[in-house]
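*Asks:* To start, I am sharing the structure in question, which I have written as structure tokens.
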Amino acid sequence: MTSPGKMVVISGPSGAGKSTVCKRILEDPRVQFSVSATTRAKRPGEVDGRDYYFLDKETFRKKVAAGEFLESASVHGNMYGTLRKPVEDAMAAGKHVLLEIDVQGALQLKDQDVPGLHIFIAPPSFEELRRRLVGRATDAPEVIERRLAKAEDEYRERVKYDHVVVNDDLERCVAEVRRLIGLDGPPTGAGGAA
Ligand code: ADP
Ligand code: 5GP
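So the sequence shown is numbered by this note's numbering: it starts at 2 and just counts up by one.
Put into structure tokens, the structure is as follows:
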């Protein structure tokens, strides 16, 4: 029998390195990315159904009302949410499902007691967080300032998570997250380590 997979929530301030860490974790075939829905515009190179389900505001609202989301939140002026069904289906098939979501969404999941492993990715310092946001070169200076101000509030919420992993050295951080999920060692059945 296939053992069910885990819901793994990776969250933390913008620029801490969530996407970078998640890309590495997703190299493991036992882990599946949870494709979120969003009302934000598609960026060049993004594919509907792979990066996000791109929905208009009305469709998103209807899905919220119909209870189709495990969590949803407004992030930087757009709506984002995790669809319940793909997460449940993947877990039933024995996959660990990786949710890369913002802190508000992660706390909603905690409040609902949806079982899962909640990992907060923390920057080594706020100075380094600023360097990363500037170095990433995706945001205007005022957007970076807004994200840094928000990061201070988000950082306070880290105590509500199961684990806080500091993303100082990327390799060390990835190894720690893999260990927490249970990806180290030999797979135990079709779904891997349970
Ligand atoms: P997030 O998804 O949390 O917003 P990103 O994964 O986009 O963050 O990372 C922000 C920037 O920091 C990127 O330019 C990324 O290459 C860089 N970065 C990520 N992890 C590290 C690390 N351990 N050391 C130095 N730079 C990093
Ligand atoms: P981006 O628009 O840059 O892809 O993502 C912006 C932010 O939205 C990131 O902090 C990301 O973690 C968060 N996010 C992505 N998907 C979801 C989701 O399904 N739910 C919540 N709450 N946040 C999400």
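Even glycine gets a Cβ: it sits at the ideal position worked out from N, Cα and C.
These figures come from a predicted structure and were not determined experimentally.
Any heavy atom of the ligand ADP inside 7 Å of the beta-carbon of A17?
*Replies:* For this step, residue 17 is matched to residue 16 along the sequence shown. Under cutoff, so the answer is yes.
*Asks:* Flag this pair as touching only if the stretch 45-56 and the stretch 101-119 have three or more C-beta atom pairs under 8 Å; answer yes or no.
*Replies:* The answer is no - the stretch 101-119 does not touch the stretch 45-56, with fewer than three Cβ pairs under 8 Å.
*Asks:* Going residue by residue through the stretch 82-110, where are the continuous alpha helix (DSSP H) segments of at least 4 residues, counting only ones entirely within it?
*Replies:* If we require 4 residues or more, the alpha helix (DSSP H) runs fully inside the stretch 82-110 come out as 85-93.
*Asks:* Quick check: is any heavy atom of the ligand ADP less than 7 Å from the C-beta of G13?
*Replies:* As a first step, residue 13 must be located in the sequence shown, where it is residue number 12. Under cutoff, so the answer is yes.
*Asks:* How would you call V10, buried or exposed, if buried means at least 16 neighbouring beta carbons within 10 angstroms?
*Replies:* For the purposes of this step, residue 10 is identified with residue 9 of the sequence shown, where counting begins at 1. It is buried - the Cβ of V10 has at least 16 other Cβ atoms within 10 Å.
*Asks:* Starting from T139 and walking both ways along the alpha helix (DSSP H), at which residues does that stretch end?
*Replies:* Locating residue 139 in the sequence shown gives position 138, where the first residue counts as 1. Segment: none, T139 is in no alpha helix (DSSP H) and carries neither H nor E.
*Asks:* Less than 7 Å between the CB of S20 and some heavy atom of the ligand ADP, yes or no?
*Replies:* Mapped onto the sequence shown, residue 20 falls at position 19. Under cutoff, so the answer is yes.
*Asks:* By how many angstroms is the C-alpha of G78 removed from the C-alpha of L184?
*Replies:* For this step, residue 184 is matched to residue 183 along the sequence shown. For this step, residue 78 is matched to residue 77 along the sequence shown. Rounded to the nearest angstrom, the two C-alpha atoms are 35 Å apart.
*Asks:* Can you give me the C-alpha to C-alpha distance between K161 and L108, rounded to a whole angstrom?
*Replies:* The residue given as residue 161 occupies position 160 in the sequence shown. The residue given as residue 108 occupies position 107 in the sequence shown. Roughly 8 Å separates the two Cα atoms.
*Asks:* From D29 to I145, what does the alpha carbon distance come to, in whole angstroms?
*Replies:* What you label residue 29 is simply residue 28 of the sequence shown in a count that begins at 1. What you label residue 145 is simply residue 144 of the sequence shown in a count that begins at 1. Looking at the two C-alpha atoms, the distance is approximately 32 Å.
*Asks:* Have a look at S4 and A74 and give me their C-alpha separation to the nearest angstrom.
*Replies:* Taking the sequence shown and counting its residues from 1, the one referred to as residue 4 is at position 3. Taking the sequence shown and counting its residues from 1, the one referred to as residue 74 is at position 73. Straight-line Cα distance between these residues: approximately 31 Å.
*Asks:* Examine the Cβ distances between the stretch 163-171 and the stretch 17-33 and report whether three or more of them are shorter than 8 Å.
*Replies:* In short, these stretches touch, since the Cβ pair count reaches three.
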